[in-house]
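Student: Quick one: the structure is below, and I'll ask about it shortly.
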Amino acid sequence: MEAHQDRNHTTDEISNIAHFVYILADESKGFNFEFSHFLSMYAARLYWEPDTISYTPTSTQTAQPSPEPGTVEVPSFAHNGVEIQGLEHKSDFVRVKAVQEHGGVYIDWDVHALRDIKSLRQSGFNAVAGRQAHGQINSGTFMSKQGARMIDLWAEGMHEAYNGGWTTHSNEVIARVDELLVQEPGEMLIMERDAFAPGSWESKDTDNLFQSHDEPAGFTENELAAMRSLGLAESETPGDIPEWAWNWSHPYLLHAFSPYRWHQKVDGYDHISPARNRGAHRRDPIAKKTVKPPTDPELAALRESKILPVVKDLQNADPKQRSTAASAISSIIQDSRCRKLLLREQIVHIVLTQTLTDAALESRAAGWGILQVLAQEEEADFCLHLYRQDVLSAMEFASKMVSNKLSSKDPVPAAEKSLLVSITGSIISLSSALAEARDEILEAVANNAAITSLIFSIVIHGNSDEGLAALRMDAMACVMVLSEDNGKLAGHIVAQHQPLYETLQVARKDPSGEGVLACGIIHNIFVSLQGQTLDHNILDDAEIIPTLSKTISAITPASSSTTNGHGEGWSKPFEYQSLALEIIASIGTSLNSATDEPAPDSKHSGLADDEEGDDEDMGDIVDDADPDASTANPPEASEEMDDDEMHADMDMVTGADDEDAQAGSIDDVPVLKALLAHALPELARVASLAPSDQDTLRLQALALAALNNIAWSVSLIDFADEHNAGIQSAWRPTGRAVWQSVISPILASDTADVELATQVTSLAWAVVRTLGADTPLQADDEHRKFITLYQATRTSPNMGGQSAAPEADPFQALGVKCVGVLGQLAMHPAPVSLNREIGTFLMTILSSLPDAPAADAVEALNQLFDMYGDESYECDREVFWKDNYLKHLEDIVPKVKAMVKGVDKRSQGELRARADEAVTNLTRFLAYKRKHKPQ
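Quick note: the sequence shown uses full-length UniProt numbering, first residue 1, plus one each step.
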């Protein structure tokens, strides 16, 4: 950083140094440089061309003065002895100190340069600042010579004035100093609001800034800008210039603030990341602004009658009125209209800064209840907003307070304990909501020892305390959320919280809400610690399957109307039965990963010769196609390969694998064995139910998903390897039963439910991969059900022939799954008639290019390669050669290559890669077939 030592202002201009300040709450995590930060810094570099851009990332720990450029001391106390609490306030002190010592321009991270400020730096004034909304001086952007009177007086005055208020030491001090110095020649220049801060933090201005707007008819951008520049008011051109229109060529800066302040939804975006530097928000919005009333008369009346009185009382000096108001708000906030109006009145800021620090425990409990309801009812962006407002610090403080009170040897009065239980429930609910909003928040919550210790203690001791018993299942659900894919927390629980793990081991035997939640946590821990060496034995998934199976055994068509109406939350049968099905589905997905690595308790189980892949790439034939193979070469280019090369190439196309498999049996796979013995029969039963209501329909869909995951995992086992014969023998009767009791009845119903049809077709594909010719087709024409389904996908967009969402995986479409099932049904030793019918159907799909979806064509090629990849197959001679498939495929090659070129590599990367692979395989396949044409 450039630093000038001349403190008598011998230079004629303010130094061209741009200062950015970032206070690190956790020094170990470093500076989270977001895209909005980059935009701010890039704009300053582009328009100002500063000699130096200095940013000062510091921790909240008091730093020692350092000669290194860019480092300043972060004070913990103001000179008047008052502790500086918030990161925002620390930032205020740091920025003033940096400009005082080095001179230059300070800029907030959410401020963006729009034009050069050289004329202001060279204006001859020792310092320059600008006004903001309501006439105050803006502390988010200012400039000063090194040691100028303005910056010296501000640095001194802010220490004397600091009392913890939002703007007492910043905007208010700089306003007094600047308005004093402006009377002295050359000391101070105060720009009008339009120069530095034409917008504001208020909802009206942020709405205008972040929302998209339709251009008014008859006026171009230049015309609108000209009208603004000439000062034409709306009254002079009524209705022509919309309220949002602004000529941005005049301001030097745009103080953008954030769309999250008022929960704006920007058209076309889920969210826009706000600046992480909360130093940008330093005006007290409660004391310094008036919220514009809603235009809707009914809402305006509601605001006047209900909202404004309780918000005013919430800030009343009388503790009783504050408590009463907080309780009133916690009651009315359930109403969506009241909730939106309260958010407009900045209820979150009031609760975080005032209610949660209230001396009255009743007020604090109500405040936590307000935040709990908001987190539950609002979208995930609200939780992100709470997190960035440092709600975790408040939760940590409250968790410690509650833990100390509840663990005290002195009895807690009943009234006080009720409030402590209420606060605990809110903290648990907020922890779950925050963790589900974003991975980084989940990690932060899981790493907070005070919060997790409180939640763990509720799980352990909840049953022994009548007051806390109602919170136990919510606490367990929170631990389940925090432990998913979280090896660090899982290891921490096993190694340092054995009482918690032992509690879960006991609870998991009960087929109730608590038991299922315990099973979910145990499953998360087992999966997260897979392959690790531990000092403690842990349960594997096989130990929880009996409980989960017993839980879903209670599902009947009448159960929704008789039992699911009883209970609340996790005590409601529908909720814990749904969770049980979801856990089984997760176990089914993790079957293969569990067999690839030793279990954490060293109980190793494995499948022989597992293939790699998942539901997304079940149709892949080649995983390692030659990247140098040219799809543009004609088929004849490969004619000169010798027989060994040809056979090697064909093995690659058909996925042959000559590696020896490891020995294995069903006893070596205890999780799969438990699934077959306990879960599969119940899953098949639930999946075949005739739904009588929405709850039963949901449970049926979850059962199908679980069956689908298990079947696909089993389909990855190489049953051609004799070492897996035991697993195949155990699976075969189950697979046949699933086809007969689930797949066939749903196919026979000719369902119009696209989701159900997609699920059952995916399940059928996996099952037929495992059974092959042993698939129990219920009629000679059952395979035609899949042909009919496929044709429906081509004629009806609602049937999912092509995914409606551009980002959807095209290989998960119903049409692709139909092609996969049919191809597997036609595999050797299928009857010639069946093979011919399906082969002709697949050739028709390819012939219909470019009308056929690319994913369908790729899957059709993959299935044809498998069906006719071995000249010893009877169908190869009787169908492929007699029906002249070789000529048909040669004629299709140009269409396939054109299809590949039509797939965008950037937007559909996987589809393009697999289409390229299919063309390469087609070229090799044709060359092989020509070489081995029967004589």
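Every residue, glycine too, gets a C-beta built ideally from N, C-alpha and C.
Any chance the segment 110-125 sits against the segment 39-53, with 3 or more Cβ pairs inside 8 Å?
Tutor: Yes, they touch.
Student: Mind checking Thr-920: buried by the 16 CB within 10 Å criterion, or exposed?
Tutor: buried
Student: In its own chain, which residues sit with a C-beta less than 7 Å from the C-beta of Ser-453, not counting the 5 before and 5 after it?
Tutor: Ser-403
Student: Ordered along the chain, which non-local residues of its own chain (more than five positions away) have a Cβ less than 6 Å from that of Ala-580?
Tutor: Val-516, Leu-548, Thr-551 and Ile-552
Student: Could you please give me the residues that DSSP links to Val-99 through a beta bridge?
Tutor: Answer is none; Val-99 lacks a bridge partner.
Student: Kindly indicate which three-state DSSP category Ala-830 falls into: helix, strand or coil?
Tutor: Correct three-state label for Ala-830: coil.
Student: Please report the residue range of the alpha helix (DSSP H) in which Ser-139 lies.
Tutor: Ser-139 -> no alpha helix (DSSP H), and no H or E assigned at all.
Student: Between the segment 724-736 and the segment 782-792, do at least 3 Cβ pairs fall closer than 8 Å?
Tutor: With a cut-off of 8 Å, the segment 782-792 and the segment 724-736 do not count as touching, because too few Cβ pairs lie within range.
Student: By Cβ distance below 7 Å, which residues in the same chain neighbour Ala-328 in space, the five residues on each side in sequence not counted?
Tutor: If we look at Ala-328 and ignore the five residues flanking it on each side, its Cβ neighbours are Val-310.
Student: Here's a check: name, in chain order, each residue in its chain whose Cβ is nearer than 8 Å to the Cβ of Trp-48, leaving out the five neighbours to either side.
Tutor: Asn-16, Ala-18, Val-105, Ala-113, Asp-116, Ile-117 and Lys-118
Student: Compute the beta-carbon to beta-carbon distance between Phe-526 and Asp-510, rounded to the nearest angstrom, for a pair I have assumed lies under 8 Å.
Tutor: About 19 Å separates the two Cβ atoms, so there is no contact after all.
Student: How about Asn-171 and Val-82: do their beta carbons lie closer than 8 Å?
Tutor: no
Student: For the beta strand (DSSP E) that contains residue 952, what are its first and last residues?
Tutor: Residue 952 lies beyond the range of the chain shown here (1 to 935); nothing can be said about it.
Student: Figure out for me which residue from Val-832, Val-445, Ile-423 and Ser-422 has the closest Cα to the Cα of Ser-432.
Tutor: Val-445
Student: Does the distance from the C-beta atom of Asp-313 to that of Thr-324 stay below 8 Å?
Tutor: yes
Student: When the Cα atoms are used, what is the spatial distance from Leu-672 to Gly-902?
Tutor: 43 Å
Student: If I follow the unbroken beta strand (DSSP E) through His-112, where does it start and stop?
Tutor: 111-113
Student: Going by C-alpha distance, which of Leu-539, Met-867, His-888 and Lys-320 is nearest His-838?
Tutor: Residue identity check: residue 838 is Ile in the sequence provided, not His. With distances taken between Cα atoms, Ile-838 lies closest to Met-867.
Student: So who's on the other strand from Ser-144, going by DSSP bridges?
Tutor: Gly-104 and Ala-127
Student: Whole angstroms are fine: how far does the CA of Lys-887 sit from the CA of residue 936?
Tutor: There is no way to answer for residue 936, as the model of the chain reaches only from 1 to 935.
Student: Please name the residue or residues paired with Asp-83 in a DSSP beta bridge.
Tutor: Just to set this straight, residue 83 is Glu in the shown sequence, not Asp. Answer is Phe-77, bridged to Glu-83.
Student: Secondary structure at Thr-52, three-state DSSP: helix, strand or coil?
Tutor: strand
Student: Where does Ile-787 sit, in a helix, a strand or coil, going by DSSP?
Tutor: For Ile-787, the three-state secondary structure derived from DSSP is helix.
Student: Figure out for me which residue from Ala-477, Ala-469, His-461 and Leu-529 has the closest Cα to the Cα of Glu-502.
Tutor: The candidate whose alpha carbon is nearest that of Glu-502 is His-461.
Student: In chain order, what residues of the same chain have a beta carbon less than 7 Å from the beta carbon of Ala-706, not counting five sequence neighbours either side?
Tutor: Leu-581, Ile-584, Ala-585, Gly-588 and Leu-683
Student: Considering His-255, what are the terminal residues of the beta strand (DSSP E) in which it resides?
Tutor: 253-255
Student: Is the beta carbon of Trp-765 sitting closer than 8 Å to the one on Val-832?
Tutor: no
Student: Can you tell me which of the three DSSP states Leu-189 falls into?
Tutor: strand
Student: Check for me: the alpha helix (DSSP H) holding Ala-366 runs from which residue to which?
Tutor: Counting along the chain, the alpha helix (DSSP H) containing Ala-366 begins and ends at 361-377.
Student: In three-state terms, what does DSSP make of Ile-525?
Tutor: Here Ile-525 sits in helix by DSSP.
Student: Just the Cα atoms here: how many angstroms apart are Leu-343 and Leu-302?
Tutor: 14 Å
Student: Identify whether Ile-538 lies in helix, strand or coil by the three-state DSSP scheme.
Tutor: coil
Student: Given this structure, state the Cα-to-Cα distance separating Ala-450 from Gln-863, to the nearest angstrom.
Tutor: 56 Å
Student: Give the range of the alpha helix (DSSP H) segment to which Arg-924 is assigned.
Tutor: 909-931
Student: With a 10 Å radius around its C-beta and 16 neighbouring C-beta atoms as the bar for buried, classify Leu-46 as buried or exposed.
Tutor: exposed
Student: Using a Cβ distance threshold of 8 Å, determine whether the segment 350-366 contacts the segment 413-428, with at least three qualifying pairs required.
Tutor: yes
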